Amino acid sequence: MTQKPTIAVIGAGLGGAAAGALLQQAGYDTKVYEQAPGFTRLGAGIHMGPNVMKVMRRIGIEDSLNAMGSHPDEWFSRDGRTGDYQSRIPLGEFAHAQYGASYITVHRGDLHELMVSALDPRQLHFNKHLVDVDERDDKVVMTFADGTTEEADIVIGADGVNSRIREKLLGTEAPTYSGWVAHRAIISAEKLKAYDLDFEACVKWWSEDRHMMVYFVTGDEKEYYYVTGVPEPEWNHGTSFVESSRDEMRAAFDGYHPTVQALIDCTETVTKWPLLERNPLPLWHENRLVLLGDACHPMKPHMAQGAAMAIEDAAMLVRCLEEVGAHQYQEAFELYRHNRFERASRVQQVSHDNTWLREDEDPAWVFGYDVYEVPLKQPATSTEEHVA
Ligand code: FAD
Numbered sequence: 000m001t002q003k004p005t006i007a008v009i010g011a012g013l014g015g016a017a018a019g020a021l022l023q024q025a026g027y028d029t030k031v032y033e034q035a036p037g038f039t040r041l042g043a044g045i046h047m048g049p050n051v052m053k054v055m056r057r058i059g060i061e062d063s064l065n066a067m068g069s070h071p072d073e074w075f076s077r078d079g080r081t082g083d084y085q086s087r088i089p090l091g092e093f094a095h096a097q098y099g100a101s102y103i104t105v106h107r108g109d110l111h112e113l114m115v116s117a118l119d120p121r122q123l124h125f126n127k128h129l130v131d132v133d134e135r136d137d138k139v140v141m142t143f144a145d146g147t148t149e150e151a152d153i154v155i156g157a158d159g160v161n162s163r164i165r166e167k168l169l170g171t172e173a174p175t176y177s178g179w180v181a182h183r184a185i186i187s188a189e190k191l192k193a194y195d196l197d198f199e200a201c202v203k204w205w206s207e208d209r210h211m212m213v214y215f216v217t218g219d220e221k222e223y224y225y226v227t228g229v230p231e232p233e234w235n236h237g238t239s240f241v242e243s244s245r246d247e248m249r250a251a252f253d254g255y256h257p258t259v260q261a262l263i264d265c266t267e268t269v270t271k272w273p274l275l276e277r278n279p280l281p282l283w284h285e286n287r288l289v290l291l292g293d294a295c296h297p298m299k300p301h302m303a304q305g306a307a308m309a310i311e312d313a314a315m316l317v318r319c320l321e322e323v324g325a326h327q328y329q330e331a332f333e334l335y336r337h338n339r340f341e342r343a344s345r346v347q348q349v350s351h352d353n354t355w356l357r358e359d360e361d362p363a364w365v366f367g368y369d370v371y372e373v374p375l376k377q378p379a380t381s382t383e384e385h386v387a
């Protein structure tokens, strides 16, 4: 191979879009294959901390995101019943000065659309559901559900929690249902004006076994959003989400603060999602295949860092390909894994425990991380490197 290797990214979710955009900007011939026919504005919000806004800067969409998102001054944790404040984590100007970029909350659909717009449209292929990968000596052949095949030198599995590429590397194994669901609803802020209550820009209401995280998803603060974590012993629906209802929400948050009751009263539609996890994987790459994001470390969303980890992965993977030289891709993949495994696994664990910012704590290890500046740790040469 004299030219840079050709790269296929499977999945144009938040991690795949980041990887595709960064690779294309670095001059790689990169095609992105997405199973969906297109993307709709799914009713959900997302946090983008300074750690991930630094990657958005590199992609060239930081200013647009800053204009699009809400900029909370603080993250509050409050007792779900009494309303007492359990933590106040400074964000806003403080986060910008301290961690080097903004902390925003934004509509997930708006963010995703912006990220996808950073891809070369000629290299983004919808309706391409990957069903098989065949690794040959000199390339990978991908087969899609529509019967077509494509080739690439390297294939990146950014295909989410049920990744086909993960399955190729490690065999078929369904993710674990965590025993928790998340309800998600977007509420018109106009409706909230009827209440003499303070609807804070970023607040998490907690009780022993459940919570409700609430924030604005647009800069004009017209759309308010909540996402919950509620125990539910089994998930037998066989779909990625189902419709929920105000009655179900009232039952789940019975006795919660009047502000939470007002949010439930103003809910028009609410969906319910199973929260899936996997234990840290023993293998992130092999030969010409490599994983990122939920394909290799799906987690409960309770730290609001799942997509952030996928996007950081994408940035680190491209950094390692550039550092080592893309033709040494196996070395680059190992350098990437070595520099991501510990952080992603720690975030998985804290998300699982659901302790993040519940009490006052210093979030610098998450928000202050700069994937472009962090010194690269070199893998040892021994086999002990692959942590089980
Ligand atoms: P995905 O976003 O799942 O993207 C995978 C893509 O691959 C999809 O587009 C899919 O259609 C495609 N695909 C799958 N299989 C194939 C195939 N065989 N062929 C072709 N394409 C395929 N994270 C945060 O950082 N902040 C938050 O505030 C936050 N809130 C969350 C709230 C909830 C309720 C949930 C469930 C998650 C939340 N997350 C949050 C986590 C975040 O959504 C995920 O971690 C993130 O989407 C992972 O990105 P990804 O690109 O790895 O995977």
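Letter by letter, the sequence shown follows residues 0 to 387 in numbering that gives the first Met the number 0.
The beta carbon of each residue, even a glycine, is placed where N, CA and C say it ideally should be.
Remember, predicted model here, so these are calculated numbers, not experimental data.
Top-ranked residue by Cα proximity to Gly68, from Val323, Leu288, Thr258 and Val216: Val216
Which of helix, strand or coil DSSP assigns to Glu207: coil
For Met212: DSSP bridge partner residues: According to DSSP, which records beta bridges pairwise, Met212 is partnered with Lys203 and Val226.
Rounded separation between Asp195 and Asp219 - CA only: 20 Å
Which of helix, strand or coil DSSP assigns to Trp364: Correct three-state label for Trp364: helix.
Per-residue burial, Gln23 [other beta carbons within 10 Å of its own, 16 or more giving buried]: buried
Asp158 - DSSP class collapsed to helix/strand/coil: coil
Cβ pair Pro49, Glu73 closer than 8 Å: no
Cβ shell of Lys138 (< 8 Å), same chain only, five flanking positions each side left out: Glu150, Ala151, Asp152 and Arg287
Complete runs of the beta strand (DSSP E) confined to the segment 47 to 96 [at least 3 residues]: 73 to 78 and 84 to 89
Nonlocal neighbours in the same chain, by C-beta distance under 7 Å from His128, ignoring five residues either side: Gln34, Phe143 and Ala144
Bridge-paired residues (DSSP) for Val180: Val229 and Pro273
Cβ-based neighbour list, Arg277, same chain, cut-off 6 Å, excluding 5 preceding and 5 following: Pro174 and Pro297
Cβ-heavy atom distance, Tyr32 to the ligand FAD, below 7 Å: yes
DSSP beta-bridge partners of Glu242: Thr270
Straight-line gap, Ala306 to Gly108 (C-alpha atoms, nearest Å): Cα to Cα, Ala306 sits roughly 13 Å from Gly108.
Closest by C-alpha distance to Val349, when choosing among Met302, Met47, Tyr176 and Glu333: Val349 has its Cα closest to that of Met302, out of Met302, Met47, Tyr176 and Glu333.
DSSP three-state assignment for Tyr32, whether helix, strand or coil: strand
Leu21 beta carbon less than 8 Å from that of Arg57: yes
Check: Arg77 C-beta below 7 Å from any heavy atom of the ligand GTP: Among the ligands in the structure shown, the ligand GTP does not appear; only the ligand FAD can be found there.
Nearest-angstrom beta carbon gap, Ala157 and Gly14 [assumed within contact, 8 Å]: 5 Å
Neighbourhood of Thr148 by C-beta, 7 Å cutoff - its chain only, sequence neighbours within 5 removed: Val140, Met141 and Thr142
Three-pair Cβ contact test at 8 Å for the segment 288 to 295 versus the segment 161 to 174: yes
Outcome for Phe93 when other beta-carbon atoms lying within 10 angstroms are tallied against a minimum of 16: exposed
Boundaries of the beta strand (DSSP E) in which His351 is found, first to last residue: Not the beta strand (DSSP E): His351 falls in the alpha helix (DSSP H), residues Tyr328 to Asp352.
Contacts around Gly99, its chain only, beta-carbon distance under 7 Å, and the 5 residues preceding and following it disregarded: Pro49, Lys53 and Asp369
Segment contact, 8 Å Cβ cut-off, at least three pairs: the segment 58 to 65 with the segment 317 to 330: no
Burial state of Ser187 (16 or more Cβ within 10 Å): exposed
From His46, Gly237 and Trp272, residue whose alpha carbon lies closest to that of Ser244: With distances taken between CA atoms, Ser244 lies nearest to Trp272 out of His46, Gly237 and Trp272.
Local conformation of His124 per DSSP, three classes: strand
Buried versus exposed call for Gln304 [16 or more other C-beta atoms within 10 Å across all chains shown]: buried
Opening and closing residue of the alpha helix (DSSP H) in which Leu262 lies: Pro257 to Asp264
C-beta atoms of Ile45 and Ile155 nearer than 8 Å: No. Outside cutoff.
Best match in Arg345, Glu322, Glu247 and His70 for proximity to Glu199 [C-alpha to C-alpha]: His70
From Asp312, Leu375 and Ser177, residue whose alpha carbon lies closest to that of Val323: Of the listed residues, the one whose Cα sits closest to Val323 is Leu375.
Opening and closing residue of the beta strand (DSSP E) in which Glu150 lies: Thr148 to Ala151
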